[in-house]
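Those letters in the sequence shown? Residues 1 to 91, by the working numbering. Every residue gets a Cβ at the ideal spot worked out from N, C-alpha and C, and that includes glycine. Predicted model, so just to flag it, every value in this text is computed and none were measured. As structure tokens, the structure follows; a few thoughts come after it.
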Amino acid sequence: NLKEFVGLEERVNSLLFRDRVRKLVSSVRSTAPHVTTALLDERDLIMANALKSANHERIVAVVGMAHMDGIENLWQQPQAVVERKLRAIPA
Numbered sequence: 001n002l003k004e005f006v007g008l009e010e011r012v013n014s015l016l017f018r019d020r021v022r023k024l025v026s027s028v029r030s031t032a033p034h035v036t037t038a039l040l041d042e043r044d045l046i047m048a049n050a051l052k053s054a055n056h057e058r059i060v061a062v063v064g065m066a067h068m069d070g071i072e073n074l075w076q077q078p079q080a081v082v083e084r085k086l087r088a089i090p091a
């Protein structure tokens, strides 16, 4: 149905804005914190650790918008702190 597609397209396009993604993440975090821990927080740690561990002068990373805040926050922390948090993730 074309009408449904247009509605879906508008909803998908709304996720192209970081503030809207933040609201979505916040909503999911409040209703299902274990989901955001597994799908965002733990993955943010893994990606941030990989980026911080890379021994290169410049790094380019393409990540989903929902991961940007977490990776940016972890980027500001010392590597030892990120590694400690990473080791605390249950296997």
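Please classify D19 as buried or exposed, where buried requires at least 16 neighbouring CB atoms within 10 angstroms. One-based indexing of the sequence shown puts residue 19 at position 19. By the 10 Å Cβ count, D19 comes out exposed.
Would you check if there are 3 or more beta carbon pairs closer than 8 Å linking the stretch 12-29 to the stretch 42-52? Because the criterion of three Cβ pairs below 8 Å is not met, the stretch 12-29 and the stretch 42-52 do not touch.
On the CB-based measure, 16 or more other CB atoms within 10 Å of its CB, does G136 come out buried or exposed? In the structure as shown, the chain starts at 1 and stops at 91, and residue 136 therefore has no counterpart that could be examined.
Out of E9, V82, G7, L8, point me to the one whose CA is closest to A50's CA. Residue 50 sits at position 50 when you count from the first residue of the sequence shown. Its Cα nearest to that of A50, the residue V82 stands out among E9, V82, G7, L8.
Test item: CB-CB of A66 and L40 under 8 Å: Your numbering for residue 66 matches position 66 in the sequence shown. Your numbering for residue 40 matches position 40 in the sequence shown. Against a cut-off of 8 Å, the Cβ pair of L40 and A66 comes out as a contact.
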